[in-house]
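Student:
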Amino acid sequence: MASVAEPFPVSYIGGRYLIFDVDTIAHARREHNICGVFIGTIPNLSQQNVFLGIPLELMAEEARVLVEGGHAYIVDDVTLHKKGFLEMSREDRMKYLRDMDQQGMEVARGMKQAAEDRTEKALKEKGLDRILQERKLKKLEQTTVESEAGAGSLFDSAPSTPTVASSPAPETILEPHYITPTTSHPPLPVPDPASALSLPEVPRQYPLFRYLHSKGYFSMPGIRFGCHYSVYPGDPLRFHSHFLAAGLDWDEEFDLLDLVVGGGRLGTGVKKAYLIGGEAPSKIGSVEDKQASAGERVESVRAFSMEWAGF
Amino acid sequence: MACPVASKQPVEPAPIQQLVQDSELQSHSHLPASTTLALQIQHNLQYQHAWTDVRVHSHSPVTNEPLVRPLLSGLPPKRLYVHPDEQIDLLKEAQRQRTAAKQAGGKSDTLDVKAQPEREWVLPARLVEKWTLHRLSDIFDAITTVPPESATPNVEDSAANPWRTTKRVVLATADTDSTVVFYIVHDGVVKPRQN
Chain G
1 MASVAEPFPV
11 SYIGGRYLIF
21 DVDTIAHARR
31 EHNICGVFIG
41 TIPNLSQQNV
51 FLGIPLELMA
61 EEARVLVEGG
71 HAYIVDDVTL
81 HKKGFLEMSR
91 EDRMKYLRDM
101 DQQGMEVARG
111 MKQAAEDRTE
121 KALKEKGLDR
131 ILQERKLKKL
141 EQTTVESEAG
151 AGSLFDSAPS
161 TPTVASSPAP
171 ETILEPHYIT
181 PTTSHPPLPV
191 PDPASALSLP
201 EVPRQYPLFR
211 YLHSKGYFSM
221 PGIRFGCHYS
231 VYPGDPLRFH
241 SHFLAAGLDW
251 DEEFDLLDLV
261 VGGGRLGTGV
271 KKAYLIGGEA
281 PSKIGSVEDK
291 QASAGERVES
301 VRAFSMEWAG
311 F
Chain Z
1 MACPVASKQP
11 VEPAPIQQLV
21 QDSELQSHSH
31 LPASTTLALQ
41 IQHNLQYQHA
51 WTDVRVHSHS
61 PVTNEPLVRP
71 LLSGLPPKRL
81 YVHPDEQIDL
91 LKEAQRQRTA
101 AKQAGGKSDT
111 LDVKAQPERE
121 WVLPARLVEK
131 WTLHRLSDIF
141 DAITTVPPES
151 ATPNVEDSAA
161 NPWRTTKRVV
171 LATADTDSTV
181 VFYIVHDGVV
191 KPRQN
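Protein sequences, first through last, are from chains G and Z. All the letters of the first sequence, read from the start, carry residue numbers 1 to 311 under the UniProt record's numbering. All the letters of the second sequence, read from the start, carry residue numbers 1 to 195 under the UniProt record's numbering.
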């Protein structure tokens, strides 16, 4: 895994926060407990949506937490691309296309090699190494024949076993493989952090998200469990979630039936606790710089975990 | 209200009646609705769930100010809540004792998890009520981690449980049909039990 320089760019496209770079995705997950949701699929097989791939879509809360921590910045990808590609010089473009061709050739070569290895392996398994050796011999002979350019030796090298394909596939001209790059830098330069967009707009349950994130929890969207976040004590690939979290305003009224009884039952039924929480307004310094008071604001969040008492 | 003369009672009044008629409660600072709710929950705990020493608290043990609403504290018949970490500890202890018993020649092969019952705070509520985080945090700010020890000294209270570090209340929610459901509410992020 290549190391990722911080802050890393997060693309803002059509109201979504996306990461296209695999290394950045791994970095965000390992270092910052940010999972996001994979939304990429194969364009012509969009119904294949069980295992999705890049890009990774971040919740606005995730993007905000990364930006507030100084780990990422938001980039308006549409204007960046319009500007970047329309103003690109011909020279740069040709260089980029050559690069792509070169990479395509490498891939094609690799694929051909892999195919040959596969054939070799399959033949060996069937005990037909002989064919392989013959092929190799033939190749060698052909090259020697061509170099000698003698007509007589042609008859001597006639195949002894007629079952084998008479001519080893001639060295076809390799077509470059067409590569779809997942990121656009290069050719575009890494976007300038100075031109970053402002902080992402977040829903009102953001304080709870930030609070849980500051305690090292991983959060995933909680719509499956009828809450805002399903909260994991570690990487969701390794742990079951501990909490179904619902964020509330400090003075927002809630029904006991909905949240405590319904949520508590649901949570207990799936061996989780139902967590409600929100920010206590008394401790927020309204004049203070938002970045500076982030730590204090984390402290002002109050959360309650609920479980069925069992009787 | 015509009260029967105490000298000759054909039937002893129900405990809840006695409680409601208690003169001390008449001078209570709380609204009658919240007081009767507390008594209803107290009755329910005592007679349907075999809790003992259920007391009504009208004032905060922390600040001595009147509570927002009367709270209860009581002793459940068996331990109501075991934190998952404490559970691991208890299981280890039980396993140790089982192997010790086996080596001593005992025949029993049961894993005896010993968790002493603990006093719990109970927060009475009605299902129709609306709650906010603010009100809930006010309740938690007014209580201690462990309810005050019983006034009667003969109740043997074990040493403080080192695992009990966060405040918790049992939220008793009463519906209009007198059904009461109980939920444990923790102050803060407390991982769930592996029940």
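Even for Gly, the Cβ is constructed at its ideal location relative to N, Cα and C. This one's a predicted model, so the numbers in the text were calculated from it and none came from an experiment.
Nearest by alpha-carbon distance to H71 (chain G): which of G:F311, G:I34 and G:R109 is it?
Tutor: Checking every option, the nearest Cα to that of H71 (chain G) belongs to G:I34.
Student: Does DSSP put F194 (chain G) in a helix, in a strand, or in coil?
Tutor: The identity of residue 194 (chain G) in the sequence shown is Ala, whereas the question assumes Phe. The answer is helix: DSSP assigns A194 (chain G) an H, G or I state.
Student: From the DSSP output, in three-state form, read off S214 (chain G) for me.
Tutor: Three-state DSSP puts S214 (chain G) in a helix.
Student: On a Cα-Cα basis, can you pick out the residue from G:S11, G:S3 and G:A2 that is closest to P193 (chain G)?
Tutor: Selected option, being the one with the closest Cα: G:S11.
Student: Which runs of the alpha helix (DSSP H), 4 residues or longer, sit entirely within the segment 215-260 of chain G?
Tutor: Fully enclosed alpha helix (DSSP H) runs of 4 or longer: not present.
Student: Can you determine whether any heavy atom of the ligand HEM sits closer than 7 Å to the C-beta of E201 (chain G), and answer yes or no?
Tutor: You won't find the ligand HEM in this model; it holds no ligand whatsoever.
Student: Considering Cα atoms alone, identify which of G:M94, G:L123, G:P200 and G:R265 is closest to G15 (chain G).
Tutor: Taking only the C-alpha atoms, the option nearest G15 (chain G) is G:P200.
Student: Please return the same chain residues whose Cβ sits closer than 8 Å to the Cβ of T41 (chain G), not counting the five positions on each side in sequence.
Tutor: Q48, N49, L52 and G53, listed in sequence order.
Student: Please list the partners that W131 (chain Z) has in chain G, where partner means a Cβ-to-Cβ separation under 9 Å.
Tutor: Ordered by position in chain G, the residues that pass the 9 Å Cβ test against W131 (chain Z) are E253, F254, D255, L256, L259 and V260.
Student: Which residues does DSSP pair with P124 (chain Z) in a beta bridge?
Tutor: Per DSSP, Z:A172.
Student: Hey, does Q95 (chain Z) have any beta-carbon neighbour from chain G nearer than 8 Å?
Tutor: For Q95 (chain Z), the answer is no, since every Cβ of chain G falls outside 8 Å of its Cβ.
Student: Just the C-alpha distance for T183 (chain G) and D77 (chain G), rounded to the nearest angstrom, thanks.
Tutor: About 11 Å.
Student: With I139 (chain Z) and V181 (chain Z) assumed to form a contact (beta carbons below 8 Å), what rounded beta-carbon distance in angstroms separates them?
Tutor: Their Cβ separation, rounded to whole angstroms, is 18 Å, which puts I139 (chain Z) and V181 (chain Z) out of contact at 8 Å.
Student: On the criterion of 16 or more Cβ atoms from any shown chain inside 10 Å, does D141 (chain Z) qualify as buried, or is it exposed?
Tutor: Label assigned to D141 (chain Z): exposed.
Student: Can you tell me the Cα-Cα spacing of R126 (chain Z) and P7 (chain G), whole angstroms?
Tutor: Each residue's Cα considered, the two are about 50 Å apart.
Student: Counting only Cβ pairs nearer than 9 Å, list the residues of chain G close to Y47 (chain Z).
Tutor: Near Y47 (chain Z) there are no residues of chain G at all, since even the closest Cβ is about 14 Å away, more than 9 Å.
Student: Tell me the residue span of the alpha helix (DSSP H) that contains H81 (chain G).
Tutor: Unbroken alpha helix (DSSP H) run through H81 (chain G): D77 to L86.
Student: State the Cα-Cα distance for the pair S153 (chain G) and Q142 (chain G), rounded to the nearest angstrom.
Tutor: Annotation note: pLDDT 48 at S153 (chain G) (below 50); position unreliable, coordinate value reported separately. Distance between the alpha carbons of S153 (chain G) and Q142 (chain G) is about 10 Å.
Student: For K167 (chain Z), count the other beta carbons within 10 Å of its own beta carbon; 16 or more makes it buried, fewer makes it exposed. Which is it?
Tutor: K167 (chain Z) comes out buried.
Student: Rounded to whole angstroms, what is the Cα-Cα separation between A165 (chain G) and E106 (chain G)?
Tutor: Any reading at A165 (chain G) is ruled out, since the residue's pLDDT is 47, under 50, leaving its predicted position unreliable.
Student: Going along the chain, which residues of its own chain have a beta-carbon closer than 7 Å to the beta-carbon of P153 (chain Z), five neighbours each way excluded?
Tutor: Any reading at P153 (chain Z) is ruled out, since the residue's pLDDT is 47, under 50, leaving its predicted position unreliable.
Student: On a Cα-Cα basis, can you pick out the residue from G:P191, G:L237 and G:G247 that is closest to R210 (chain G)?
Tutor: Nearest option by C-alpha distance: G:G247.
Student: For K272 (chain G), does the count of other Cβ atoms within 10 angstroms reach 16, so buried, or fall short, so exposed?
Tutor: Result: buried.
Student: Nearest-angstrom Cα distance between residue 235 (chain Z) and L133 (chain Z)?
Tutor: This structure cannot settle anything about residue 235 (chain Z), because the visible part of chain Z is limited to 1 through 195.
Student: Give me the subset of the segment 168-189 of chain Z whose CB atoms are less than 7 Å from a CB atom of chain G, sorted by chain position.
Tutor: Going along the segment 168-189 of chain Z in chain order, one finds V170, L171, T173, V181, F182, Y183, I184, V185, H186, D187, G188 and V189 with a Cβ nearer than 7 Å to chain G.
Student: Just to confirm my understanding: we take G264 (chain G), look at its own chain, exclude 5 residues before and 5 after, and list those with CB closer than 7 Å. What are they?
Tutor: Excluding residues within five positions, the ones whose Cβ falls inside 7 Å are Y274, M306, E307 and W308.
Student: Compute the Euclidean distance between the alpha carbons of R135 (chain Z) and Q40 (chain Z), then round it to the nearest angstrom.
Tutor: In a straight line, the C-alpha of R135 (chain Z) is about 21 Å away from that of Q40 (chain Z).
Student: Which residue's Cα is closest to the Cα of residue 340 (chain G): G:A28, G:P187, G:I179 and G:G104?
Tutor: The shown model of chain G, from 1 to 311, leaves out residue 340 (chain G), and the question about it has no answer.
Student: I want to see whether chain Z comes within less than 8 Å of S305 (chain G), judged by CB atoms only; does it?
Tutor: Chain Z, which has a Cβ nearer than 8 Å to the Cβ of S305 (chain G), makes this yes.
Student: Could you give the residue range of the beta strand (DSSP E) that holds E279 (chain G)?
Tutor: Segment A273 to E279, the beta strand (DSSP E) holding E279 (chain G).
Student: Would you verify that the beta carbon of K271 (chain G) is, or is not, closer than 8 Å to some beta carbon of chain Z?
Tutor: Yes, its Cβ sits closer than 8 Å to a Cβ of chain Z.
Student: Rounded to whole angstroms, how far is the Cβ of K112 (chain G) from the Cβ of L197 (chain G), which I believe are closer than 8 Å?
Tutor: With 8 Å as the limit, K112 (chain G) and L197 (chain G) do not qualify as a contact, their Cβ atoms being about 45 Å apart.
Student: By alpha-carbon positions, which one of G:L256, G:I13, G:T24 and G:P233 ends up nearest to A5 (chain G)?
Tutor: Nearest of G:L256, G:I13, G:T24 and G:P233 to A5 (chain G), Cα basis: G:T24.
Student: Please compile the residues from chain Z whose C-beta is within a distance smaller than 7 Å of the C-beta of F311 (chain G).
Tutor: Chain Z residues near F311 (chain G): H49 and F182.
Student: Cutting at 6 Å between CB atoms, please list the residues of its own chain near S157 (chain G), excluding the five before and the five after it.
Tutor: Model confidence at S157 (chain G) stands at a pLDDT of 49, short of 50, so the residue's coordinates are unreliable; what they give is reported in the following sentence. Answer for S157 (chain G): E141, listed in chain order.
Student: Report yes if the C-beta distance between V67 (chain G) and P9 (chain G) is below 8 Å; otherwise report no.
Tutor: Against a cut-off of 8 Å, the Cβ pair of P9 (chain G) and V67 (chain G) comes out as no contact.
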